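Visitor: For the record, in the sequence shown the residue sitting at position 718 is 1146 according to our numbering, with numbers rising by one throughout.
Each residue gets a CB set at the ideal place from its N, CA and C atoms; glycine is no exception.
Remember, predicted model here, so these are calculated numbers, not experimental data.
So that we are looking at the same thing, I have put the structure below in structure tokens.
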Amino acid sequence: MSSIILQVIGGFSLPSLYMFVLTMAMTFIILIAILRYRSGQALRQRVAELEALSEAGRVLVGAELDLVSLCELIARECGQVIDNRTFQIGLLDGNFYDIVFWTVDGVPQEIPRTFDLTDDSGIIGWVRQSRKPLLVRDFLEEAETLPASPRYVSDDPPRSAIFIPLISGESVIGAVAAQSGEPAHFSEEDMRRLMILANQAAAAIANGRMFEQERQRSAQLELVGRIAKNVSGTVDLRDVFEIVVEEIQDAFDFHMVNVFSLDVLTGELVLKASGGQEALPEYVRLQPGQGLIGSALSQQVTIVANDVAEDPRYQESANDEFAMPHTQAEIAIPMIADSEVIGVLDVQSPYLNAFTQTEKTVLEALAAEIAVAIARGKQLAWQREQAWLTAAQLQVAETVGRGRSLEDIVTAVSRLTPMLLGLDFCAILLWDQDRQVYKGVEVFGASPSFTRRFAEVRLAVGDWGALDAVHVGREMVCTQKKPPWGPYLPQKRQLDGALELHPIDTENEMLGVMIIDELATTEKRAQFSRREELLQNILDQSARAIESASLRIAQQEEAWVNAALLQTAEVVNSLFHLNEILDTIVRLVPMLVGVPSAIVLIRDDVREIFRPGPSFGITEMGRGLLSSLALEEAEVMNTNRQLADTGTPNPNYYAFKPPSWLSQVMRASQAYFFPLNARGKLVGALVVGLTEEAEQTLSLRWINILNGIAHQAATAVVNDHLYKETAERDKLAQELKLAHEIQASLIPNGRPAIPQCSVACYWAAARQVSGDFYDFIPLSDGRWGIVIADVADKGVPAALFMALSRTVIRTVALNRSDPAEVLMRTNQILDTDSQSDLFVTVFYAIWHPETQMLTYANGGHNPPILLKENGRSLLLTGEGMALGVIPEIFVAKNTVQIASGDTIIFYTDGVTEAMNEDFDEFGMERLYLTVRAHRHQDVSQIVSAITDAVNAHAGDTAQFDDMTLVVMKDEAT
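Written out as structure tokens, the structure is:
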């Protein structure tokens, strides 16, 4: 530059040079003056700007306005430093951005407007997240470089804008935005000035917010205290609910406030109070989990829906009756007392995001106060109800306790129940156990004609389904179906509507049923919620009183029955003969129970018929007809179907329709069959006749008397049978004793004087008489016949056959010397003369004393044992079979030499087949051992040793076979 100036100077003359220098100096001075002027102007403008900003800040800081007015003031002050025709001030509330001041081209817009910034989208979300201002000179040119995409709510979006965060402390509390439809409308200086003002505005807004919160909190706390004070002095819960609704409505200006109470019986929420621009109907009821309110109940937490359209728990179909068309936000707060939810406070607003943490806290405090008030009110109501209930229960106990008879008790209950419960109708049916029907006893609230004839009502099981259900299940039943009172009781209009049937029962017995008009109506339940408890108390006390009265009646009847039966027993015991006893019994029956006729039937076991015994109330012709027409057992069984089906004795009585001829004989259309059972079988029957009129009055007492008389008649019949059986047994025993003596006389002396030997015998019958026998027959030439036999039977038949066999053998033996011929001839005689199927086994031997020889023949008998002196043994077997089986038999003759000291044991199978308790027989081996051990002893000692061994083996086991034993020892020297 200097080189250029030198070149220029070098081309000028000296004067010209002076002029040039002067000109340049003047120009420089002018430039400096211009710069100094401009600098002064800028400084003055900056000072003015600072003064304006300072004044705006002072105005903002000193303003004591609500937030909306404060934001309007901020907008006006910002207009002093920038173009604010399109201007916006928004405040952040959680994730929501609330525009509280908004103008577009100087035209105010509808506020507040709320936007959800949960995803931090849009430029406002970026400003909140970055805490930085943003200058947009042209949205179209800078669209690709912007930090966030703008979210427009206008069809004519701006071209340029300034976005400034409102920062208070460490938090972004909002944003200020100035916008213009012209590109490059705002500069960095505009942004700087707006930032300065925004910082002061943020402080003012923070202070305003704090002041507003404190003022609102103070007002809300005052509201909580005022509501608590009002509800604490209010007893009626309905008044409490109305106070709460009105106070919340006035304090918060919500368009709907609802209070729901929990119905503990159904678990539903019931609307108790509603207020606001549109009130709810009182019949609204919600299920747990239904909508936002039901969800608050089921989850037991406060549910805030600041945008009900976005909350899935908000269901329009479930909220048709209580969700208002303008509801945008809703809060449902469970009211909890003593850890139990007792209701829900529901508040609705037409604005989005209406419920902040502040509203939530205050409303929860209000809900807690309401819960306490509800709990207190319920406690007071419960105490009043309890006092009333106690008084009512005492009145019931006193009234029922004064009743002396069953009728007095039922009448008192039927009158007192409607009075205490506010009923229009009450009827009592009592169960008749005898006839298995319900009888009408007392009725209240019916027409006079109905009341007079109510005692005629009889309802059996199956007549009325509702009554059957109560009878079986013993639970209350509500029905719309009218009871079948019968043609004689008209259906009156006072019985219209539902009826409740309540069982009157104890733990073990169904006593009756109380029928009342429906108790569980909304109006009646509202008057007194513990009606069911009082009704149950009345039913319980009535059941106890009725049971006690019934027991007294039963005791009186039982005493009467016992007296009647005692009288019958005394008369029966004074008699001896069966006919006299039964005749007395049938005469007592009409006297005791009033039946017109009675017959005792005696069962003939042999002919299987019932023959008529003594009777009463039957003509001579009728008795003759009975005698000629004995009742077959099958006819009685078919008439009495139940007895025929069981086929076994049954102690109960049975009603039956008698055949026409029996009906004419007894002069009765109905009859009762009382079996005479004894010793496990049917021995007869007591049949009593009844007319249709008499049947209606047949009571349990009469049935018990007839059962007792039937039992005594059965005892008399059995005693007569037993007497006859005993007499027959005694006679038979006497005859058997005589037979035993006769048979014993036929058995010879146990120690006959047989030469060259000694003999000992034992004979025992399993019964009174025996089929075993032995005999000693003296023969010619000094010989002796020895017989031992066993008839194949026991008792009297065997004894008779034994006598026959003994006689035949003795007769034949005297005429023949060959034992085999004796047995064969005896068999011929027995087969010819005996007509029975009996037979006998016989061992017959002939003893020759001179030669010491024993000749024998065995007719199918147990072979005797020959025991030598040296201990060796031999069985005396032989060919032959039992006598009396077939006409002709062959029996072989055998001979054996007997030496001195030898012993022969004759026995029957009763010895070897004697059994012990283990069914182990005595057997031949034990017999061998016993005889061998005692062979050197006397024959009597040998017999005793054998019998002792058998008895020791058998022990206490009863033996079923006769036992005979003969021991012979050769004593020749």
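Classify residue 1343 as helix, strand or coil using the three-state DSSP reduction.
Guide: Residue 1343 falls in the strand class under three-state DSSP.
Visitor: Thinking just about the alpha-carbon of each residue, which of 720, 1250, 1238, 1265 is nearest to the one in residue 1229?
Guide: Closest option to residue 1229, Cα to Cα, is 1265.
Visitor: Using the rule of at least 16 other Cβ atoms within 10 Å of the residue's Cβ for burial, across every protein chain shown, is residue 1028 buried or exposed?
Guide: The residue in question, residue 1028, is buried, as its Cβ has 16 or more Cβ neighbours within 10 Å.
Visitor: Under a three-way DSSP split, which group does residue 1019 fall into?
Guide: Correct three-state label for residue 1019: helix.
Visitor: Which stretch, first to last residue, makes up the alpha helix (DSSP H) that contains residue 513?
Guide: From DSSP, residue 513 is part of no alpha helix (DSSP H); its letter is neither H nor E.
Visitor: Indicate whether residue 1038 and residue 1026 have their beta-carbon atoms separated by less than 9 Å.
Guide: In this structure, residue 1026 does not lie closer than 9 Å to residue 1038 by Cβ.
Visitor: Around the C-beta of residue 700, are 16 or more other C-beta atoms found within 10 angstroms, so that it is buried, or is it exposed?
Guide: It counts as buried.
Visitor: Is DSSP giving residue 633 helix, strand or coil here?
Guide: Here residue 633 sits in helix by DSSP.
Visitor: Please say whether residue 774 and residue 761 have beta carbons closer to each other than 9 Å?
Guide: Yes, these two residues count as a Cβ contact at 9 Å.
Visitor: So, helix, strand or coil for residue 1158, using DSSP?
Guide: Helix.
Visitor: So, using beta-carbon positions, are residue 1042 and residue 1011 closer together than 9 Å?
Guide: A contact, by the Cβ cut-off of 9 Å.
Visitor: Got a sec, what are the start and stop residues for the beta strand (DSSP E) residue 1304 sits in?
Guide: Careful: residue 1304 lies outside any beta strand (DSSP E) and carries neither H nor E.
Visitor: Could you check how far apart the C-beta atoms of residue 971 and residue 837 are, in whole angstroms? I think they sit under 8 Å.
Guide: Not quite, the Cβ-Cβ distance comes to about 10 Å (not below 8 Å), so this is no contact.
Visitor: Return helix, strand or coil for residue 558, following the three-state DSSP convention.
Guide: Correct three-state label for residue 558: helix.
Visitor: What do you reckon, are the CB atoms on residue 890 and residue 907 nearer than 9 Å?
Guide: No.
Visitor: Do you know how far the Cα of residue 788 is from the Cα of residue 945?
Guide: Distance between the alpha carbons of residue 945 and residue 788 is about 48 Å.
Visitor: Excluding the five sequence neighbours on either side, which residues of its own chain have a C-beta within less than 7 Å of the C-beta of residue 1176, listed in chain order?
Guide: Around residue 1176: 1203, 1204.
Visitor: Regarding residue 1294 and the ligand ADP, is the C-beta to nearest heavy atom distance less than 8 Å?
Guide: In the structure on display, the ligand ADP does not appear, and there are no ligands present to speak of.
Visitor: Just how far apart, CA to CA, sit residue 877 and residue 932?
Guide: Between residue 877 and residue 932, the C-alpha separation is close to 26 Å.
Visitor: CB-CB under 6 Å to residue 1184, same chain, minus the five flanking residues each way: which ones, in chain order?
Guide: Excluding sequence neighbours, residue 1184 sits near 1277, 1400.
Visitor: Run through DSSP, which three-state label would residue 1247 get?
Guide: Residue 1247: helix per DSSP, three-state reduction.
Visitor: Assuming residue 1105 is part of the alpha helix (DSSP H), what are its boundary residues?
Guide: Where residue 1105 is concerned, there is no enclosing alpha helix (DSSP H), although the beta strand (DSSP E) it sits in stretches over 1098 to 1106.
Visitor: Identify every residue that forms a DSSP beta bridge with residue 529.
Guide: According to DSSP, residue 529 bridges with 517.
Visitor: For a quick check, are the C-beta atoms of residue 1321 and residue 1283 less than 9 Å apart?
Guide: Yes. Within cutoff.
Visitor: Just how far apart, CA to CA, sit residue 796 and residue 843?
Guide: Rounded to the nearest angstrom, the two C-alpha atoms are 46 Å apart.
Visitor: Beta strand (DSSP E) containing residue 763: first to last residue?
Guide: Taken as a continuous stretch (DSSP letters only), the beta strand (DSSP E) holding residue 763 covers 757 to 765.
Visitor: Of the residues 754, 628, 725, which one's Cα is nearest the Cα of residue 737?
Guide: Comparing Cα positions, the closest option is 754.
Visitor: Kindly identify the DSSP beta-bridge partner or partners of residue 682.
Guide: None; residue 682 has no bridge partner.
Visitor: Could you round the C-beta distance between residue 1293 and residue 1378 to whole angstroms and report it? I think they count as a contact, below 8 Å.
Guide: 15 Å between Cβ atoms; not a contact.
Visitor: Beta-carbon within less than 6 Å of residue 1216's beta-carbon, same chain only, minus the 5 sequence neighbours each way: which residues are those?
Guide: Here the set comprises 1202, 1271, 1334, 1394.
Visitor: With distances taken Cα to Cα, identify the nearest neighbour of residue 682 among 791, 461, 442.
Guide: Among 791, 461, 442, the Cα nearest to that of residue 682 is on 791.
Visitor: What does the Cβ neighbour count give for residue 1070, buried or exposed, with the cut at 16 atoms within 10 Å?
Guide: Because residue 1070 sits at a pLDDT of 46, beneath the cut-off of 50, its placement in the model cannot be relied upon, and the following sentence gives the value as read from the coordinates. Exposed, because fewer than 16 other Cβ atoms sit within 10 Å of the Cβ of residue 1070.
Visitor: In the DSSP assignment, find the unbroken alpha helix (DSSP H) run with residue 1092 in it and report its ends.
Guide: Per DSSP, residue 1092 belongs to the alpha helix (DSSP H) from 1088 to 1094.
Visitor: Could you check which residue in 533, 1236, 692, 987 has the C-alpha nearest to that of residue 1262?
Guide: The shortest Cα separation from residue 1262 among 533, 1236, 692, 987 belongs to 1236.
Visitor: If we ignore side chains and look at the alpha-carbon of each, how far apart do residue 547 and residue 555 end up?
Guide: Rounded to whole angstroms, residue 547 to residue 555 spans 13 Å at the Cα level.
Visitor: Mind checking residue 464: buried by the 16 CB within 10 Å criterion, or exposed?
Guide: Its Cβ having fewer than 16 others within 10 Å, residue 464 is exposed.
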